[in-house]
Amino acid sequence: MDLNNKKEKGAPSFIGRDESTAIKGLVMILILIGHCHLLADCYGANGQLTHYTYWKILYSFHVSAFLTLPFVYGCKPLSGTQDFLSKLKTDAIRMYVPYIWFFFFSMAANWAMTHHANIGDAVTAFFLGANQKLWNNSINAQFLWFMPTMVVVLFFRNIFFNCSRTIQIAIILLAFFTAVPFETFTHDIRRWTPLAIMNGVFFLWPAILVRLFMQKKALANQPIFWTLTFAVLVAFAFIDLTQGNVIFHYIRRTLIAASFFMMIYSYRKWLVKSKLLMLIGKYSFQIYLIHLFVYGLLAKVMPHGQQLGRIDIGIIQLILTLIISTVISFAIMKIPLVRKYIFPRG
298 MDLNNKKEKG APSFIGRDES TAIKGLVMIL ILIGHCHLLA DCYGANGQLT
348 HYTYWKILYS FHVSAFLTLP FVYGCKPLSG TQDFLSKLKT DAIRMYVPYI
398 WFFFFSMAAN WAMTHHANIG DAVTAFFLGA NQKLWNNSIN AQFLWFMPTM
448 VVVLFFRNIF FNCSRTIQIA IILLAFFTAV PFETFTHDIR RWTPLAIMNG
498 VFFLWPAILV RLFMQKKALA NQPIFWTLTF AVLVAFAFID LTQGNVIFHY
548 IRRTLIAASF FMMIYSYRKW LVKSKLLMLI GKYSFQIYLI HLFVYGLLAK
598 VMPHGQQLGR IDIGIIQLIL TLIISTVISF AIMKIPLVRK YIFPRG
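Heads up, the sequence shown is in our numbering, so the first residue is 298 and it goes up one at a time.
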């Protein structure tokens with residue numbers, strides 16, 4: 298959408314269906330790598346459990362790519378409150394129905410293993426939808442934060458592409474100040490705002506940056522430029538995380554996410570040629586919801602499955618989790634009742 302044209306409503310898509318599917322497949326693999334306990338965690342110099350530096354950098358951009366896609370897709374023209382509410386209802390159904398199912402499934406699974414449940418914590422976490430509140434001994438469902446957050450991103454996307462330039466600028470400023478200079482302050486607020494509202498606002502800034510970059514077609518289709526940009530930002534992130542340099546801290550948190558998406562976007566014509574990425578991308582939502590349960594099972598049944606430092610076992614777990622989660626996702630999506638009641642289209 299051209300920000301200079303305040304009368305225009307809606308916005309065209311900058312990506313094809315197959316291209317977005319391939320990108321989802323690649324990002325899903327990165328998420329699985331980040332969630333593999335043996336590949337992510339280690340013992341620091343003080344003997345305390347910590348994360349590998351690469352893991353911390355990985356979390357700067359992989360999930361953010363999924364939350365950027367709605368701004369790349371653009372939006373159909375919406376006019377009037379009824380259109381906005383109808384679109385919000387559709388998006389909420391698509392995200393919150395599986396959120397509810399997997400929230401209670403996670404609670405049940407956790408209770409079966411620990412015989413511990415705190416209903417107060419569960420109710421609070423459910424309505425907040427924030428990562429930190431979903432991650433506790435009663436629920437162990439931190440991965441579900443993505444769905445309430447996506448609803449918020451979609452809501453702001455719909456407004457952004459169907460409003461006046463003044464409101465667009467207001468959203469841009471809100472996104473910028475939430476994600477960059479006030480990030481430390483808003484980090485705590487994000488834990489307590491209902492329905493992950495501030496969490497969604499936090500992810501708007503890199504998504505808006507990507508949209509603005511893509512309006513410059515000559516810039517958007519420069520794989521070498523974006524690869525080098527991403528590499529430089531990763532180098533700065535490594536310095537930041539290993540040496541405590543805060544100069545680039547807030548800048549790289551959003552720029553690294555935006556540059557990563559622009560990089561993989563610039564390679565989209567090559568990515569679609571991978572049948573593996575296309576398959577994983579097609580079932581990425583289901584794989585995301587299933588893979589942690591598979592990881593947990595493999596960690597218990599595999600020899601040395603929970604032994605930190607066993608990178609070899611971690612790689613095997615990663616491959617098996619990807620295969621098993623994909624097969625399960627493919628199988629359950631062949632069941633009409635599952636598609637209708639667990640993963641409705643809205």
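No residue lacks a Cβ here, since even glycine has one placed at the ideal position from N, Cα and C.
Model, not experiment: these values are computed from the prediction.
Legend entry - Top-ranked residue by Cα proximity to residue 340, from 604, 324, 633 and 620: Numbered from its first residue, the sequence shown carries residue 340 at position 43. That would be 604, whose Cα lies nearest to the Cα of residue 340.
Inset, instruction - Sort 398, 440 and 376 by Cα distance to residue 461 and report the nearest one. - result: By one-based count along the sequence shown, residue 461 stands at place 164. Of the listed residues, the one whose Cα sits closest to residue 461 is 376.
Inset, instruction - Output yes or no for whether 8 angstroms exceeds the beta carbon distance between residue 551 and residue 476. - result: By 1-based counting over the sequence shown, the position of residue 551 is 254. By 1-based counting over the sequence shown, the position of residue 476 is 179. Yes, the pair counts as a contact, with Cβ atoms nearer than the cut-off.
Legend entry - Cβ neighbours of residue 387 in the same chain (closer than 7 angstroms, five flanking residues each side left out): The residue you call residue 387 lines up with position 90 of the sequence shown. Same-chain partners within the cutoff: 643.
Inset, instruction - Count the C-beta pairs between the region 378–395 and the region 513–522 that are closer than 8 angstroms, then say yes if the count reaches three, no if not. - result: no
Inset, instruction - Count the C-beta pairs between the region 305–312 and the region 360–371 that are closer than 8 angstroms, then say yes if the count reaches three, no if not. - result: yes
Inset, instruction - Apply the 10 Å Cβ neighbour rule to residue 633 and answer buried if 16 or more other Cβ atoms are within range, or exposed otherwise. - result: One-based indexing of the sequence shown puts residue 633 at position 336. Flag for residue 633 reads exposed.
Legend entry - Neighbourhood of residue 578 by C-beta, 6 angstroms cutoff - its chain only, sequence neighbours within 5 removed: Walking along the sequence shown from the start, residue 578 turns up at place 281. Excluding sequence neighbours, residue 578 sits near 318, 319, 321 and 322.
Inset, instruction - Going by CA-CA distance only, name the one from 628, 512, 629 and 592 that's closest to residue 613. - result: The residue you call residue 613 lines up with position 316 of the sequence shown. Of 628, 512, 629 and 592, the residue nearest in Cα terms is 592.
Inset, instruction - Go through the region 505–570 residue by residue and report every complete run of the alpha helix (DSSP H) that reaches 4 residues or more, in order. - result: 514–517, 520–540, 546–563 and 565–568
Inset, instruction - Report yes if the CB atom of residue 315 is closer than 8 angstroms to the CB atom of residue 575, and no otherwise. - result: Position 18 of the sequence shown, counted from the first residue, corresponds to residue 315. Position 278 of the sequence shown, counted from the first residue, corresponds to residue 575. Yes, these two residues count as a Cβ contact at 8 angstroms.
Inset, instruction - Grab the span of the beta strand (DSSP E) containing residue 340 for me, first residue to last. - result: As a first step, residue 340 must be located in the sequence shown, where it is residue number 43. Residues 338–340.
Inset, instruction - Return the bridge partner residues of residue 347 from the DSSP annotation. - result: For the purposes of this step, residue 347 is taken as the residue at position 50 of the sequence shown. BP columns for residue 347 point to 339.
Legend entry - Sequence-distant residues of the same chain with beta carbon closer than 7 angstroms to residue 398, five excluded per side: Stepping through the sequence shown from its first residue, residue 398 is reached at position 101. 639.
Legend entry - Under the three-state DSSP convention, the category residue 308 falls into: Working through the sequence shown from its first residue, we reach residue 308 at position 11. If DSSP states are grouped into helix, strand and coil, residue 308 belongs with the strands.
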